[in-house]
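S.K.: Protein chains in written order, with the UniProt record's numbering: chain A, 1 to 205; chain B, 1 to 205.
Dropping a structure here in structure tokens format, bear with me for questions.
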DNA sequence: CTCAACTATGTCTAATCTGACATAGTTGAG
DNA sequence: CTCAACTATGTCAGATTAGACATAGTTGAG
């Protein structure tokens, strides 16, 4: 019944109570690296969670114009979150635009592709350093029952992911950088569409 | 103007013409590993692409009840696809449910978590073997201008990704398997919510 | 012969999510 | 003082997507 976004909110509130505004800033960085939501999604979801008695709130006069609503988990919310954590995840279909571009990369100019992958490589290297910095200011092996374990384990995943992505970008740049195909390039790009498609088995995907 | 789904369709049609039905089967396996769509999404999108003159179709009496519509790229569609390939990808926010569960993993029973991560590990190992099989029946280094290069490069990415994921699952299982915290477990799980939250700096996310 | 699986195209509702719109007080830089 | 940035909560229109509904002929197993 509760959506995954709902559980994301519960997971943050389990650390400590927050306002909707604080939740939306938390969902951009660093938690936003694996789950994002705008405030326009968070506010209605909080109302739903309150209706479902999984969170409650307390009105506090904040520094801003309006009263802050500080949300916290109810016992019911905590129980639901605990149950959800160990359930197998929904199979969300992967939709990776870079891989899709790669699937069609044979149609493009290698020099332009190299530029694209160099930019990607830089972005992933930047994110990796940011992760490494975070790891440096973190205890080595937090106890499983402490929130720090959640931070530590997600960070480990992020570092592993960025390393994978960096390796792949470097491999692509290497592949595209060989001279052999740069020479063939012009022929290939000017070749007509479907040169002999009815001679090709459709099973080749 | 054209959506990413539109480019996914163009990318498949660039290999060779297909019907909407064939597109939807292609979008489940193996292309579905990085881009999925149901036929209920594909048919309307094809109508849009026809209206935009990026694809055209030819009616063919198929084996089924209705005429097959065989779609193929127009020159305009091919040009649009080529341009899109080298453009920087949209920043799609990551939404990884397993990592979200990991973020909240400190709340759960380590034994149940191990079960969860073992299942994930097995799933990723299965997918990796399927990728390795595909690689075995594939030329070593296809020319950049041939569709086989697209297959080869996406497969390389998939193998790298599964290796990262497998490494992370194994690391998690190792972390959770230590006895030290199994002993602490009962204390932690029965600890009350927010034991001293107002003593904690809210900056700790 | 019957039934299930496959081929083939389409529509519709509901959920999720983005980006814009709307309002409004505080704080600090120049 | 003024203006931008920040804090703070909310709504709404539109795009994307999943899952169900709808129809209907062919093919092969038992």
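Glycine included, C-beta positions come from ideal geometry on N, C-alpha and C.
(1) In whole angstroms, what is the alpha-carbon distance linking residue 78 of chain A and residue 171 of chain A?
(2) Measure the beta-carbon distance from residue 19 of chain B to residue 70 of chain B and round it to whole angstroms, keeping in mind my assumption that it falls under 8 Å.
(3) Sort A:117, A:108, A:120 and A:86 by Cα distance to residue 120 of chain B and report the nearest one.
(4) Which value, in whole angstroms, describes the spacing of the CA atoms of residue 73 of chain A and residue 11 of chain A?
(5) Do the CB positions of residue 36 of chain A and residue 93 of chain B come within less than 8 Å of each other?
(6) How is the alpha helix (DSSP H) around residue 214 of chain A delimited, first residue to last?
(7) Which of helix, strand or coil does DSSP assign to residue 166 of chain A?
(8) At 9 Å on the CB atoms, spell out the chain A contacts of residue 82 of chain B, in chain order.
(9) Is it the case that the Cβ atoms of residue 162 of chain B and residue 127 of chain B are separated by a distance below 8 Å?
(10) Tell me residue 72 of chain A's beta-bridge partners as DSSP assigns them.
(11) Residue 67 of chain B bridges to which residues according to DSSP?
(12) Residues of chain A with CB under 7 Å from residue 33 of chain B, in chain order?
(13) Confirm, please, whether the CB-CB distance from residue 104 of chain A to residue 113 of chain A is below 8 Å.
(14) Taking buried to mean at least 16 other C-beta atoms within 10 Å of its own C-beta, is residue 147 of chain B buried or exposed?
(15) Measure how close the beta-carbons of residue 90 of chain A and residue 97 of chain B come, nearest whole angstrom, since I'm counting them as under 8 Å.
(16) Which whole-angstrom value is the C-beta distance of residue 143 of chain A and residue 175 of chain B, which I expect to be below 8 Å?
(17) For chain A, is any of its Cβ atoms less than 8 Å away from the one on residue 199 of chain B?
(18) Would you kindly work out how many angstroms separate the C-alpha atoms of residue 9 of chain B and residue 51 of chain B, rounded to a whole number?
(19) Starting from residue 102 of chain B, trace the alpha helix (DSSP H) both ways and give me its first and last residue.
(20) For residue 92 of chain A, does the three-state DSSP call read helix, strand or coil?
(21) Going along the chain, which residues of its own chain have a beta-carbon closer than 7 Å to the beta-carbon of residue 14 of chain B, five neighbours each way excluded?
(22) Taking only the alpha-carbon atoms, compute the straight-line gap between residue 133 of chain B and residue 54 of chain B and give it to the nearest angstrom.
(23) If you reduce the DSSP assignment to three classes, tell me which class residue 28 of chain A lands in.
(24) So who's on the other strand from residue 18 of chain B, going by DSSP bridges?
(25) Would you say residue 159 of chain A and residue 131 of chain A are within 8 Å of each other, going by their C-beta atoms?
(26) Under three-state DSSP, which class holds residue 204 of chain B?
M.R.: Let me lay it out:
(1) 45 Å
(2) 6 Å
(3) A:86
(4) 9 Å
(5) yes
(6) Outside the shown range of chain A (1 to 205) lies residue 214 of chain A, about which nothing can therefore be said.
(7) helix
(8) 104, 107, 108, 109 and 189
(9) yes
(10) A:56
(11) B:61
(12) 94
(13) no
(14) buried
(15) 6 Å
(16) At roughly 11 Å, the Cβ-Cβ gap does not stay under 8 Å, so residue 143 of chain A and residue 175 of chain B are not in contact.
(17) Note that residue 199 of chain B scores a pLDDT of 38, beneath 50, so its modelled location is shaky and nothing firm can be said.
(18) 14 Å
(19) 97-103
(20) coil
(21) 73, 78 and 81
(22) 35 Å
(23) coil
(24) B:71
(25) yes
(26) Because residue 204 of chain B sits at a pLDDT of 38, beneath the cut-off of 50, its placement in the model cannot be relied upon, and the point is left open.
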